[in-house]
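Protein chains in written order, with our numbering: chain A, 776 to 870; chain B, 24 to 601.
Backbone N, C-alpha and C fix where the C-beta goes; we use that ideal spot for every residue, glycine too.
Down below is the structure, laid out as structure tokens.
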Amino acid sequence: MAQHTLEVLVENSPGVLARVAGLFARRAYNIERLSVGPTANPTISQMDIVVNLEGHALEQVIAQLDKLINVISIEEILPNKAAPAVHDTQPDYQN
Amino acid sequence: MSQMTGASSLVASLEAAGVDVMFGIPGGAILPAYDPIFSSSIRHILVRHEQGAGHAATGYAQVTGRVGVCIATSGPGATNLVTPLADAAMDSVPVVAITGQVPSVAIGTDAFQEADIRGITMPFAKHNYLITNPADIPRAIAEAFHIASTGRPGPVLVDIAKDALQAMTDFNYSPSVNLPGYKPKLIPDNQSIIDAAALITQSSKPVFYVGGGVIKANASRELLELAQLLGAPVVTTLMARGAFPDSHPLNLGMPGMHGTVAAVTALQKADLLITLGARFDDRVTGKLSTFAVNAKVIHADVDPAEIGKNRFADVAVLGDLKNTISALIPALKNALGKNQPDLTPWLNQMNSLRASYPLGYDKPSDGSLSPQYVIERLGKISGPEAIFAAGVGQHQMWASQFVSYENPRTWLNSGGLGTMGYAVPAAMGAKVGAPDTTVWAIDGDGCFQMTNQELVTCALNNIPIKVAIINNESLGMVRQWQTLFYEGRYSNTSLESKRVPNFPMLAEAMGCVGLSCEREEDVDATIEKAMGINDQPVVIDFRVHRDAMVWPMVAAGASNDDIKIARETAPDWDSQEL
Ligand SMILES: Cc1ncc(C[n+]2csc(CCOP(=O)(O)OP(=O)(O)O)c2C)c(N)n1
Ligand SMILES: [Mg+2]
Numbered sequence: 776m777a778q779h780t781l782e783v784l785v786e787n788s789p790g791v792l793a794r795v796a797g798l799f800a801r802r803a804y805n806i807e808r809l810s811v812g813p814t815a816n817p818t819i820s821q822m823d824i825v826v827n828l829e830g831h832a833l834e835q836v837i838a839q840l841d842k843l844i845n846v847i848s849i850e851e852i853l854p855n856k857a858a859p860a861v862h863d864t865q866p867d868y869q870n
Numbered sequence: 024m025s026q027m028t029g030a031s032s033l034v035a036s037l038e039a040a041g042v043d044v045m046f047g048i049p050g051g052a053i054l055p056a057y058d059p060i061f062s063s064s065i066r067h068i069l070v071r072h073e074q075g076a077g078h079a080a081t082g083y084a085q086v087t088g089r090v091g092v093c094i095a096t097s098g099p100g101a102t103n104l105v106t107p108l109a110d111a112a113m114d115s116v117p118v119v120a121i122t123g124q125v126p127s128v129a130i131g132t133d134a135f136q137e138a139d140i141r142g143i144t145m146p147f148a149k150h151n152y153l154i155t156n157p158a159d160i161p162r163a164i165a166e167a168f169h170i171a172s173t174g175r176p177g178p179v180l181v182d183i184a185k186d187a188l189q190a191m192t193d194f195n196y197s198p199s200v201n202l203p204g205y206k207p208k209l210i211p212d213n214q215s216i217i218d219a220a221a222l223i224t225q226s227s228k229p230v231f232y233v234g235g236g237v238i239k240a241n242a243s244r245e246l247l248e249l250a251q252l253l254g255a256p257v258v259t260t261l262m263a264r265g266a267f268p269d270s271h272p273l274n275l276g277m278p279g280m281h282g283t284v285a286a287v288t289a290l291q292k293a294d295l296l297i298t299l300g301a302r303f304d305d306r307v308t309g310k311l312s313t314f315a316v317n318a319k320v321i322h323a324d325v326d327p328a329e330i331g332k333n334r335f336a337d338v339a340v341l342g343d344l345k346n347t348i349s350a351l352i353p354a355l356k357n358a359l360g361k362n363q364p365d366l367t368p369w370l371n372q373m374n375s376l377r378a379s380y381p382l383g384y385d386k387p388s389d390g391s392l393s394p395q396y397v398i399e400r401l402g403k404i405s406g407p408e409a410i411f412a413a414g415v416g417q418h419q420m421w422a423s424q425f426v427s428y429e430n431p432r433t434w435l436n437s438g439g440l441g442t443m444g445y446a447v448p449a450a451m452g453a454k455v456g457a458p459d460t461t462v463w464a465i466d467g468d469g470c471f472q473m474t475n476q477e478l479v480t481c482a483l484n485n486i487p488i489k490v491a492i493i494n495n496e497s498l499g500m501v502r503q504w505q506t507l508f509y510e511g512r513y514s515n516t517s518l519e520s521k522r523v524p525n526f527p528m529l530a531e532a533m534g535c536v537g538l539s540c541e542r543e544e545d546v547d548a549t550i551e552k553a554m555g556i557n558d559q560p561v562v563i564d565f566r567v568h569r570d571a572m573v574w575p576m577v578a579a580g581a582s583n584d585d586i587k588i589a590r591e592t593a594p595d596w597d598s599q600e601l
């Protein structure tokens, strides 16, 4: 199965790592690799999450991640330097 | 802006959020908040168990459409809220829970009554907060109410350290929130509406598969117009009973494990499911790989993660259902103008199924009382405006099947979590939200013994609910499974509740009127007597036959094609043209 890397921007709030890790655990998805780091904006952190998922399962993980209130955006980093696929099931307009 | 304690800031924030009632129990960590509550405009109802507070908040929310609020202290107070909050999450109910937490310096030290309630509720709460800085209280409350009530509703917990409640702070409440990661999409894309309308006109066997989302979105009127425009059959899931009138000729009833033959078959044989605020739950689909195999799917929901979760959607419509259905009506009118499919053969098939396999029951041969009869009479005598809250078990399924629901928000139950003990406190919350409406809890003798203590709360606070205990002296639904799947080995399902407790005496001891009924000829008079008592809660012990079973039934994990209308009896498919 192909590895996929998700670049996830999250609010830098306490417990956000537990929210993300817990979501993977309870939906029975494995995290291959996870790193968390700061961004230029001190209120926002970046998580790079490598998963061994594709197709439907990958879509579900992204949709469920996007439901977390502290998750701001999710980008899928494609291997062959193609432009990243932006996943945002909650587009940034309030209506 | 004014200086006050964090506790006063909390209560002022709740007032600003429009809270008029909350259900709770004080304790050490939340005690600072109870001082300003004492002089607040908010009605605080002192319950007898925090689980009751949570389900009451849920019942209130389901009846009014507003956010229900419950409040508890740290540790055991907070953990007692776990079940109702998980329940509210599964059924998408807007609830805000406030809990006190040990002082911030004590957090992480296993202090007295410390429990990490934020961590405990993280897996299911829509969101939650741990507040240690009093300045954060107004913002957290504003966000909690916004998150709980918008998009797909759900429970939000705000845990506040005791020192944050005690410290002085500036009160500065603004209802507008800034949540960069939370922007529910409420207006559906035009293209998705056009695609949905086009798919509908290509269908000769469409079904409206209606879920609880229609009620949450207050979209019943729009649904009625849409369904009549197309003239296609409608099925209403357990969470959607009342979203579409049961008396309407297009309504085939409830699908799923205990659904009607017509509703289950309509989904199975359809070529198009017009799915509105439903989530393809296993109790509806049966074995997923055999569910509605020839159907295309339109899936309209406000939660993007539901689309494609269990079943692929050919057309996804993301948005609030009131907006979605309102947009679909003109689009469909337009599309039908070009291509009007003939649904008559399909409707005839479904009507024939409905006529051949109506919901029914056999009265016990020994002359004892039939539980279905009792529930049918409760519905008839109380009328279409009455509100019913059910527990979990056989009585719940019969209450869904044998009461005719004509209006949204008149049927409350624990659908997703299946929480025994839901009925009495949910009915209490419902009655607080709709004081002028008759509110019945239809409860099991097992369920009733889990949360009946809230009848004391009802008696003392002028919340005159009515409770019909369907006393089959057993954990009937489990017993039914033992009958069917465990060779009648009734391990630990006999409650002996025709001997102990004495339900009418228990009711009287709690300040209620206690009645009892075990003969069919007394049922109407007993219900009417209860209907006449409006200054006290009433409990009726309906002593019914123990072996009645819920039919139809699709066994767990089986295909909907294997629906049984009685033990080892399938519908006579050969006589039906499908
Ligand atoms: C809190 C909880 N514990 C256990 C169950 C499993 N369970 C489902 S139905 C049921 C029996 C309920 O008995 P009763 O309230 O008498 O209702 P009946 O089925 O007899 O109508 C049980 C034990 C549950 N749903 N919830
Ligand atoms: Mg029972």
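Inter-residue Cα distance where the pair is residue i and residue j
i, j, result
"A:I819", "A:Q839", "20 Å"
"B:I60", "B:D218", "52 Å"
"B:V34", "B:D110", "26 Å"
"B:I154", "B:I170", "17 Å"
"B:W596", "B:Q124", "60 Å"
"B:S115", "B:L108", "10 Å"
"B:T549", "B:L538", "8 Å"
"B:V44", "B:A101", "19 Å"
"B:V257", "B:L299", "11 Å"
"B:A286", "B:V567", "28 Å"
"B:H78", "B:E600", "45 Å"
"B:P161", "B:T28", "12 Å"
"B:N11", "B:M473", "For residue 11 of chain B there is no data in the structure shown, the boundaries of chain B being 24 and 601."
"B:M262", "B:N436", "7 Å"
"A:L792", "B:R334", "30 Å"
"B:R377", "B:S520", "37 Å"
"B:W434", "B:Y428", "7 Å"
Residue closest to residue i, alpha-carbon to alpha-carbon, out of the options
i, options, result
"B:F168", "B:I154, B:A120 and B:D159", "B:A120"
"B:P178", "B:T144, B:N195 and B:A158", "B:T144"
"B:G174", "B:G406, B:G342 and B:R400", "B:G342"
"B:A289", "B:L299, B:S598, B:D584 and B:M572", "B:D584"
"B:G243", "B:L253, B:A255, B:G254 and B:T259", "According to the sequence shown, residue 243 of chain B is Ser rather than Gly. B:S243 has its Cα closest to that of B:T259, out of B:L253, B:A255, B:G254 and B:T259."
"B:S64", "B:A40, B:A76, B:H78 and B:A323", "B:A40"
"B:L344", "B:D294, B:Y445 and B:G234", "B:G234"
"A:I847", "A:T780, A:L853 and A:N787", "A:N787"
"B:N201", "A:V861, A:N816, A:N845 and A:I852", "A:N845"
"B:I330", "A:V861, A:K842 and A:A815", "A:K842"
"B:A457", "B:I321, B:P176 and B:A84", "B:A84"
"B:A134", "B:I94, B:K185 and B:T87", "B:K185"
"B:V629", "B:A578, B:Y232 and B:P207", "The first residue shown for chain B is 24 and the last is 601, placing residue 629 of chain B beyond what the model contains."
Own chain partners of residue i with C-beta closer than 7 Å, once the 5 adjacent residues on each side are dropped
i, result
"B:I588", "V284, Y380, W574, P575 and P594"
"B:G580", "K310"
Residue interval of the beta strand (DSSP E) (run including residue i)
i, result
"B:V284", "Counting along the chain, B:V284 falls outside any beta strand (DSSP E), though it belongs to the alpha helix (DSSP H) covering V284 to K292."
"B:H322", "K319 to D324"
"A:S820", "I819 to V826"
Same chain, Cβ closer than 6 Å to residue i, five either side skipped, listed in chain order
i, result
"B:V536", "I556, Q559 and V561"
"B:G50", "T96 and G100"
"B:P198", "A165"
"B:A163", "Y152, I154 and V181"
"A:Y868", "Here the model assigns A:Y868 a pLDDT of 42, short of 50, so the residue's position is not dependable, and the following value carries that caveat. Correct list: empty, nothing qualifies."
"B:V501", "T516"
"A:V825", "Q778, T780, E807 and R808"
"B:K386", "S393"
Sequence-distant residues of the same chain with beta carbon closer than 8 Å to residue i, five excluded per side
i, result
"B:N357", "A220"
"B:M554", "I404, S405, T461 and K489"
Delimiting residues of the alpha helix (DSSP H) encompassing residue i
i, result
"B:Q20", "Coverage of chain B is limited to positions 24 through 601, which leaves residue 20 of chain B absent and any answer about it impossible."
"B:C481", "E477 to L483"
"B:M145", "Premise fails: B:M145 is in no alpha helix (DSSP H) and is neither H nor E."
"B:P353", "L344 to K361"
"B:D174", "Before going further, note that residue 174 of chain B is Gly rather than Asp in the sequence given. Counting along the chain, B:G174 falls outside any alpha helix (DSSP H), and DSSP gives it neither H nor E."
Residues of the segment 826-843 of chain A with a CB closer than 8 Å to any CB of chain B: list them in chain order, please. H831, E834, Q835, A838, Q839, D841, K842 and L843
Looking at chain A, which residues of the segment 303-331 of chain B have a Cβ within less than 7 Å of any of its Cβ atoms? P327, A328 and G331
What residues from the segment 524-556 of chain B come within 8 Å of chain A, judged by C-beta to C-beta, listed N to C? none
Chain A contacts from the segment 159-172 of chain B (Cβ-Cβ distance under 9 Å): E166 and I170
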